[in-house]
Amino acid sequence: MPHILYAAPLSLYSGKARAYLDWKGVDYEEVLSTPDVYRDVILPNVGRPVIPVVQTQDGAILQDTTRIIDHFEAAAPEPSVYPATPRQRLAALLLECFGDEWLVIPAMHYRWNYNEEWVYGEFGKTALPDGTPEEQYAIGKERGAAFKGFCQPLGITDATIPAIEASYEHFLRDFDAHLAKHPFLFGTRPSIGDYGLIGPLYAHLYRDPASGEIMARTAPRVAEWVRRMVEVETPRSGEFLPDDSIPSTLEPILQRMMAEQVPYLVRVAEMLGQWADANDAAEPPRAVGMADFTMEGVTGQRIATPFSLWMLQRGLDYLASLSGEERQACAAMLRSVGGEALLDFSMPVRLAFEDHKLTIEGRTD
Ligand SMILES: N[C@@H](CCC(=O)N[C@@H](CS)C(=O)NCC(=O)O)C(=O)O
């Protein structure tokens with residue numbers, strides 16, 4: 000019996016999990032996350048309506064793409080999507096966080112401001128796979144409303160949209176230039192960083208038709224990379240670049256993360272610290288308030304999500320595990336892209352993601 004991936008074609012994080020499972024050569028079957036699946040599998044086991052979810056051959060339930068990936072990495076460590084060398088590994092972990100938790104902003108913007116009518120039909124295909132297009136549209140409009148409602152909390156407003164578009168266009172240009180030299184971020188093998196980027200860059204920014212047209216026209220190599228990631232021809236193939244090298248073409252992408260996302264994460268960390276001071280609870284809420292962020296010179300507010308800090312903590316933990324020359328090499332890399340703030344990043348609490356929940360493990364001071 001294969002593993003089961005409960006997922007949907009239009010879902011951002013489903014695309015990340017599926018692309019990884021295909022590259023890793025995992026024997027799995029994908030099952031559409033219909034309302035019955037939410038009722039019978041996802042809600043009872045995960046406690047909230049979220050995809051993707053994996054049910055392993057022995058019945059374990061995995062949620063969160065990072066947990067899914069790490070489960071299968073532990074089961075078959077080689078070839079790994081985690082580079083073995085320090086700079087590449089740190090950069091890959093950081094770019095996973097950037098893709099998962101930051102490029103979701105342009106993903107949601109382009110989906111809902113360029114593809115709204117189309118995507119209602121897609122929601123309908125998941126909610127009512129056997130319905131007529133009219134029935135699917137009607138139910139899809141109901142189901143999609145909640146997701147459309149995430150746009151404003153994510154910081155997508157009339158004031159920020161020009162900056163979100165400018166930032167995304169610059170990112171596409173930078174990534175396209177990188178892909179002229181390398182098939183993936185760090186060579187001929189996809190890394191955990193590539194899987195972070197594929198979530199937003201596949202379902203919302205490639206597969207949604209109006210977004211896909213923009214990508215094909217302005218960054219054709221990114222569109223080719225998306226296809227390479229999701230139409231896996233040779234599972235478990237490829238190598239990371241020798242000598243722990245970080246291609247110079249990745250610098251502008253890392254710089255963008257340091258300039259846009261990291262200051263926001265610093266602010267979320269402060270807010271989570273204040274929340275933890277005031278609350279004796281182990282489970283932080285999904286958002287601990289609204290935090291400022293600045294993109295292309297425009298400042299907006301978005302929900303301050305402790306989950307994003309858990310993603311960052313993965314990279315920070317790796318950095319903290321290094322010493323000597325390895326740490327120095329990573330520190331120099333971070334400084335060269337404006338990432339000093341990560342060298343003494345103050346995590347107010349230690350976070351864990353266990354039993355499908357984000358929890359505070361303990362205070363760090
Ligand atoms: N960090 C999670 C995010 C999963 C997620 O947000 N999934 C979306 C669909 S792509 C969802 O189901 N959202 C519903 C919700 O969170 O309320 C992961 O990597 O799996």
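At position 119 of the sequence shown (counting the first as 1) the number is 118 in numbering that gives the first Met the number 0, and the numbers step up by one without a gap.
Glycine residues also receive a C-beta, built at the ideal position from the N, C-alpha and C atoms.
What you are looking at is a predicted structure, and each value in this text was computed from that prediction instead of being measured.
Would you grab the beta carbon distance between residue i and residue j for me? Rounded to a whole angstrom, and I think it's under 8 Å.
i       : j       : result
Val-261 : Ala-165 : So it is not a contact: roughly 19 Å between Cβ atoms.
Leu-342 : Pro-199 : With 8 Å as the limit, Leu-342 and Pro-199 do not qualify as a contact, their Cβ atoms being about 27 Å apart.
Met-346 : Gln-300 : That pair is no contact at about 22 Å.
Val-267 : Ala-290 : 5 Å
Phe-185 : Leu-240 : 6 Å
Ile-67  : Pro-51  : 7 Å
Ile-60  : Val-49  : Contact flag wrong, Cβ pair sits at about 11 Å.
Ile-163 : Ile-104 : 6 Å
Met-228 : Gly-337 : With 8 Å as the limit, Met-228 and Gly-337 do not qualify as a contact, their Cβ atoms being about 27 Å apart.
Ala-209 : Ala-215 : Not a contact, Cβ separation roughly 11 Å.
Gly-120 : Pro-128 : Actually they are not in contact, since the Cβ atoms of Gly-120 and Pro-128 sit about 12 Å apart, beyond 8 Å.
Asp-175 : Arg-220 : 5 Å
Glu-29  : Leu-9   : Not confirmed; about 13 Å, so no contact.
Arg-442 : Pro-78  : Absent from the model: residue 442. The displayed extent of the chain is 0 to 364, so no value can be given.
Ile-245 : Met-332 : 6 Å
Glu-325 : Pro-85  : 4 Å
Ile-197 : Gly-24  : Ile-197 to Gly-24, Cβ: 17 Å. No contact.
Asp-207 : Tyr-109 : 7 Å
Cys-96  : Gly-314 : 6 Å
Who does residue i pair with in a DSSP beta bridge?
i       : result
His-2   : Tyr-27
Thr-293 : Thr-298
Gly-186 : Phe-183, Phe-239
Gln-438 : Residue 438 lies beyond the stretch modelled for the chain, which goes from 0 to 364, so this question has no answer here.
Thr-358 : Ala-351
Gln-87  : Paired residue(s): none; Gln-87 is not in a bridge.
Quick one: what does DSSP say residue i is sitting in, helix, strand or coil?
i       : result
Gln-327 : helix
Val-231 : coil
Leu-200 : helix
Gln-135 : helix
Leu-61  : strand
Thr-304 : coil
Ile-155 : coil
Cys-96  : helix
Pro-34  : helix
Arg-47  : coil
Ser-210 : helix
Gly-148 : coil
Asn-112 : helix
Phe-174 : helix
Tyr-374 : Here the chain has residues from 0 to 364 only, and residue 374 is not among them.
Output needed for residue i: all residues of its chain with C-beta closer than 7 Å, excluding positions within five of it in sequence on either side, in chain order.
i       : result
Ala-106 : Leu-11, Pro-199, His-203, Leu-204
Glu-295 : Ala-162, Ala-165, Ser-166
Arg-88  : Tyr-81, Pro-82, Tyr-317
For residue i, I'd like the list of residues in its chain whose CB is within less than 6 Å of its CB, leaving aside the five on either flank, ordered along the chain.
i       : result
Leu-94  : Gly-192, Gly-195
Gly-288 : Met-270, Ala-303
Asp-26  : Pro-1
Ala-145 : none
Phe-122 : Gly-139, Arg-142, Gly-143
Pro-365 : The structure shown does not extend to residue 365, since the chain spans only 0 to 364, so no value can be given for it.
Glu-100 : Ser-307, Met-310
Val-231 : Asp-21, Trp-22
Can you give me the Cβ contacts of residue i inside the same chain, cut-off strictly under 8 Å, excluding the 5 residues immediately before and after it?
i       : result
Ser-335 : Glu-250
Ala-275 : Pro-283, Pro-347, Val-348, Ile-359, Arg-362
Val-297 : Ala-158, Thr-159, Pro-161, Ala-162
> So which residues put a beta carbon under 5 Å from any heavy atom of ligand 2, going in chain order?
Replying inline: Judged by which ligands are present, ligand 2 is missing from the structure shown, whose ligands are ligand 1.
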